[in-house]
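In order, the protein sequences belong to chains A and B. Heads up, the first sequence is in numbering that gives the first Met the number 0, so the first residue is 0 and it goes up one at a time. Heads up, the second sequence is in numbering that gives the first Met the number 0, so the first residue is 0 and it goes up one at a time. Quick reminder that beta carbons are idealized off the backbone N, C-alpha and C, glycines included.
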Amino acid sequence: MESKSKNHRRRLLFFPSFVLLIYGILFVTVPDKALVALRSSGDVFVNIIPPLAFVFAVMVGMNLFLKPAQIAAFLGRAGGIKGIALSAAAGIISMGPIYVWYPLLKELRERGAPNTLIAVFLYNRAVKPFLLPVMIAYFGLAYVVILTLMTILGSIVVGYSVGILVNDKHGLPD
Amino acid sequence: MKILISADGADLEARVANRFGTSRYLVIVDTETGDFDAVPNPGISGQRGSGMQAVVLAVSKDVKAVLTGYCAPAICNQLEANDIEVLTGLDGRVREIVERYKQGNIGKRTGTGLQTLRREPKIGSAAFIGAIRNSVNQFAGILPAFVGVVLLIGLFHTFVSKDFLASIFSGNVALDTLRSASFGSILAGNPINSYIIAGELLKYGLSLVAVTALIITWVTVGLIQLPAEIAALGTKFAILRNVVSFILSIPIAILTVAIFNLVKG
């Protein structure tokens, strides 16, 4: 368990370490340009700090009020439109990396949650309420609202398509 | 009212199992009708997250109390957060435990090793601190890749010319959208990074449709996570879901931008 955690930490740090190494090499070879690059990154950081602070506040709120087991229990409780709506809502409010959710989804599927609802859940993870402030800062409110609505509608198409194509006992909801 | 008892067997004569998360069976008893259902414990493997599978089962079955020998603190917290009472330190036959529970005798007869876990207030200071701690951990998980991406953007601004980008992205919206969707499918990580990368590519003249396809596929299609998805949900489901999500990302991107342009006038 401990070595898994160490490996995970190592993986997390590999990418930024690699970028820092590139900076190190550039500071030796072309210091002027490296400084320009660093300043440019600094500007991006400064612009993103206010939405990030908001992101953190929303994350605290979601952690306070929503529990993974409650979210997972939404799936498979109902069929039809209600089931789709609950699965979409569960996908939207779910947080954390996807691999954390796989054991729960597997369990729910074995207990009869339809493939359609699992696919709807997974697709709606693209909608991240707590990250919307950052997205709005980059693309504007109108674009974000439209993309969010299109993603939710798209999830229904994906859900039903997967349900039909997989075509097994876990297919379409009632 | 339904109560759940961890058990070594699938009937009321079975003994109460010591561990909730990994017992062989979870016996769910309706205390009003006496009906019961013995479910093989989904967490019997004892692997990481197995206790949580038992929690999901309890929540999905509308259980109001869990009676067991021992329950790990993290699992107890999850049960209690879902309004399920946890009673531990129990031993004996399932039928006896049910009777004792119905008579309100649990917690009075033995006195040793028996405890009713205290229920924390829903939104107390401890819950608030816990939420902050979780958020800090989640943020810490995002931060390294996020810092790396922002530093990379600086390099990108300074060293990558528009001519070079033009050589990658042709200016043909259809082709660029396909390439962006493929790019988003291969890369993984927190979507915040996709917003930053997409925002910067937009500044460099990549079409909004292509950028939108990248944002959509970043989360909905996961080639890197595909083996894990296959292991959990099966090859057919995982491959079909990813293929359908990839194909659909393109019309969704086109529709999003078309509606956006209409709204913008």
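| Check | Outcome |
| --- | --- |
| CA-to-CA distance, B:ARG18 to B:GLY33, given in whole angstroms | 24 Å |
| Cβ-based neighbour list, B:LEU11, same chain, cut-off 8 Å, excluding 5 preceding and 5 following | VAL26, VAL28, PHE35, ARG92, VAL93, ARG94, VAL97 |
| Interface positions of the segment 21 to 51 of chain A facing chain B (Cβ-Cβ less than 7 Å), listed along the chain | ILE21, TYR22, LYS32, VAL35, ALA36, LEU37, SER39, SER40, VAL43, PHE44 |
| Residue span of the alpha helix (DSSP H) that contains B:ASP90, given as start and end | First-last for B:ASP90: undefined, no H or E at that position. |
| Proximal residues of chain B, C-beta to C-beta of A:VAL156 below 7 Å | LEU247 |
| Residues sharing a beta bridge with B:PHE35, DSSP | B:VAL28 |
| Exposure label - B:LEU239; buried when at least 16 CB within 10 Å | buried |
| Cutoff 9 Å: B:GLU228 Cβ touching any chain A Cβ | yes |
| Members of the segment 123 to 138 of chain B that neighbour chain A once the beta carbon cut-off is set at 8 Å | ALA126, PHE127, GLY129, ALA130, ILE131, ASN133, SER134, GLN137, PHE138 |
| Closer than 9 Å at the beta carbon, the chain A residues around B:TYR203 | The premise fails here: B:TYR203 is roughly 13 Å from chain A at the closest Cβ pair, so nothing lies under 9 Å. |
| Residue interval of the beta strand (DSSP E) (run including B:LEU66) | 64 to 66 |
| Start and end residues, beta strand (DSSP E) containing A:ILE135 | Here A:ILE135 belongs to no beta strand (DSSP E); instead the alpha helix (DSSP H) covers 131 to 138. |
| DSSP beta-bridge partners of B:SER5 | B:LEU25 |
| Of the listed residues B:LEU154, B:ALA230, B:PHE138, B:ILE74, nearest to A:SER40 (C-alpha basis) | B:LEU154 |
| Beta carbon of B:GLY88 nearer than 9 Å to that of B:GLY68 | yes |
| B:LYS63 at chain A interface by Cβ criterion, 9 Å | no |
| B:VAL256 beta carbon less than 9 Å from that of B:VAL208 | yes |
| Same chain only: Cβ atoms within 6 Å of B:LEU247, ignoring 5 sequence neighbours per side | none |
| Beta-carbon proximity list for B:GLN77, same chain, < 6 Å, skipping 5 on both sides | VAL54 |
| C-beta neighbour in chain A for B:THR111, strict 9 Å | Because the pLDDT at B:THR111 is just 33, under 50, the model does not fix this residue reliably, and the value given afterwards should be weighed accordingly. Judged by the 9 Å Cβ criterion, B:THR111 is not in contact with chain A. |
| Cβ of B:ILE2 within 9 Å of any chain A Cβ | no |
| Exposure label - A:ILE151; buried when at least 16 CB within 10 Å | buried |
| B:ARG99 in three-state terms, based on DSSP | helix |
| Complete runs of the alpha helix (DSSP H) confined to the segment 137 to 181 of chain B [at least 4 residues] | 161 to 167 |
| Alpha carbon of A:GLY139 to alpha carbon of B:ARG23, nearest angstrom | 53 Å |
| Within chain B, partners of A:GLY81 - CB distance below 7 Å | The amino acid at residue 81 of chain A is misidentified as Gly; the sequence shows Lys. Near A:LYS81 there are no residues of chain B at all, since even the closest Cβ is about 15 Å away, more than 7 Å. |
| Reduced DSSP secondary structure (H/G/I, E/B, other) of B:TYR203 | coil |
| Contact list for B:PRO143 against chain A, beta-carbon separation under 8 Å | LEU11, LEU12, PHE14, PRO15 |
| Alpha carbon of B:ARG178 to alpha carbon of B:SER184, nearest angstrom | 10 Å |
| 9 Å Cβ cutoff, A:SER160 in contact with chain B | yes |
| Distance CB(B:LEU232)-CB(A:ARG108) smaller than 9 Å | yes |
| Collapsed DSSP secondary structure at A:ARG124 in the structure displayed | coil |
| A:LEU121 at chain B interface by Cβ criterion, 9 Å | yes |
| Meets three-Cβ-pair contact criterion under 8 Å: the segment 137 to 153 of chain B and the segment 77 to 90 of chain A | no |
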